[in-house]
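Asker: Just remember that my numbering sits 387 ahead of the position in the sequence shown, which is counted from 1. Each residue gets a CB set at the ideal place from its N, CA and C atoms; glycine is no exception. Dropping a structure here in structure tokens format, bear with me for questions.
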Amino acid sequence: MKVFITGAGGLVGSAVTKELIAHGHTVVGLARSDASGANITANGGTFVQGDITNLDLVKQLASDADATIHCAFDNSFTDFPKACAEDRDVLDTVGAVYVGTDKVLLTCSGALIVAGVPGADEDTPVPAAMGAFNPRVQSEILALEWAAKGVRVGIMRLPPMVHHPKLMNHGFILLILGAHKKAGYVAVIEGDDNVTWSAVNVLDLAVLFRLALDKTQGGMHWHPAGDSAIKISDIAAIASKKLDIPLKTIPKAEAGAHFGIIGHFLGVGAPFPTEKTKERTGWTVTQPGLLEELEKGAYFDKI
């Protein structure tokens with residue numbers, strides 16, 4: 388299968404490219420920089436320089452492929468609504484091309500957007516009302532609209548912590564640990580002792596993307612969590628030990644000042660079930676979990 392991947396030089400895109408190439412697929416990867424292009428080439432893919440705002444290029448590359456995996460997203464949070472609008476433009480562009488075909492469109496969403504829905508699993512659509520205050524939700528809603536038109540759309544709800552100690556130089560876990568180190572203490576938000584986040588090793592995630600290419604029908608959600616419910620307080624305890632700095636409880640009002648933008652939703656979490664994903668694809672987790680990596684000292688040399 389010939390697969391077009393946006394953001395193919397990033398953490399997720401690079402791992403997916405390498406996984407697909409290893410299993411006989413061909414990959415055309417879109418990325419902005421020469422450095423990202425070098426990653427794509429090193430992983431066996433074909434590099435096309437450009438970005439997702441060039442919709443004519445996106446249309447051409449999607450048309451020439453048997454499937455599109457849309458990984459690109461501006462995670463800088465400098466203009467989140469703009470990033471989400473660009474995300475939707477890609478979905479509209481590829482969706483229009485794939486109507487009436489058997490081609491697959493896999494796109495990325497986030498686990499936290501269903502964190503407030505009791506009992507949410509892979510068959511739970513995101514509440515439409517949430518789109519009014521979270522523009523990323525609108526992307527998932529739009530993807531399902533293309534599924535209703537017959538496109539084989541799969542939505543990968545990524546855990547907030549996608550990790551790998553050797554492959555990543557950014558991500559939420561590094562932001563969290565970096566905030567603790569900068570402050571000189573490890574902050575635990577008052578009342579959030581039992582809040583849980585999900586996580587996945589990017590190599591396990593890449594395997595699920597490969598499996599989802601075959602298994603996706605119209606409008607399927609995939610939950611790629613290696614760890615479905617990691618307590619934020621457990622991460623804090625390990626950080627305190629490894630950084631040799633004290634734990635300190637802070638009020639919710641100070642979370643933003645300590646953690647930056649992620650502090651505003653660090654207290655939002657819920658167990659993230661994966662049973663249906665595993666049952667429908669045969670996916671198994673083989674890589675180390677986040678807490679295991681932290682206990683071994685991973686990531687602390689990157690902050």
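Would you mind stating whether Gly541 and Val491 have Cβ atoms separated by less than 9 Å?
Answerer: yes
Asker: Do you know offhand how far Asp443's Cα is from Gln525's?
Answerer: 22 Å
Asker: Is Lys553 helix, strand or coil when you go by DSSP?
Answerer: coil
Asker: Specify, as a first and last residue, the run of the beta strand (DSSP E) that Leu417 falls within.
Answerer: Looking at the DSSP string, the run of the beta strand (DSSP E) that includes Leu417 is 413-418.
Asker: What three-state label does DSSP hand His610 in the structure shown?
Answerer: coil
Asker: Here's a check: name, in chain order, each residue in its chain whose Cβ is nearer than 7 Å to the Cβ of Pro552, leaving out the five neighbours to either side.
Answerer: Glu680, Ala685, Tyr686
Asker: Using DSSP's beta-bridge definition, name the partner residues of Thr433.
Answerer: Val415
Asker: What residue does the beta strand (DSSP E) around Thr404 start on, and which one ends it?
Answerer: No beta strand (DSSP E) contains Thr404, which is instead part of the alpha helix (DSSP H) from 398-409.
Asker: Span of the beta strand (DSSP E) holding Ile500?
Answerer: Unbroken run through Ile500: none, as it is neither H nor E.
Asker: When the Cα of Ala570 is compared with those of Ile690, Thr668, Leu407, which residue comes out closest?
Answerer: Among Ile690, Thr668, Leu407, the Cα nearest to that of Ala570 is on Ile690.
Asker: For Thr673, which residues does DSSP report across the bridge?
Answerer: Its beta-bridge partners do not exist; DSSP assigns none.
Asker: Just tell me which of Ile500, Ala498, Val445 has its CA closest to the CA of Thr480.
Answerer: Ranked by Cα distance from Thr480, the options Ile500, Ala498, Val445 are led by Val445.
Asker: Compute the beta-carbon to beta-carbon distance between Lys602 and Thr668, rounded to the nearest angstrom, for a pair I have assumed lies under 8 Å.
Answerer: 5 Å
Asker: Drop a sphere of 10 angstroms on the beta-carbon of Thr673, count the other beta-carbons inside from all chains shown, and report buried for 16 or more, exposed for fewer.
Answerer: exposed
Asker: Would you report the Cα separation of His645 and Met548, rounded to the nearest angstrom?
Answerer: Computed Cα separation, rounded: 19 Å.
Asker: So Ile392 packs on Ile456, CB below 8 Å; how close in whole Å?
Answerer: 5 Å
Asker: Please classify Glu509 as buried or exposed, where buried requires at least 16 neighbouring CB atoms within 10 angstroms.
Answerer: A buried status is given to Glu509, since no fewer than 16 other beta-carbon atoms sit within 10 Å of its beta-carbon.
Asker: Can you list the alpha helix (DSSP H) stretches of 4 or more residues lying completely in the stretch 577-643, in chain order?
Answerer: Runs of the alpha helix (DSSP H) inside the stretch 577-643: 589-602, 619-630.
Asker: From which residue to which residue does the alpha helix (DSSP H) around Lys536 run?
Answerer: Element bounds for Lys536: n/a, residue is neither H nor E.
Asker: Just checking my contact of Ile439 with Glu473 at CB under 8 Å: how many whole Å lie between their CB atoms?
Answerer: 6 Å
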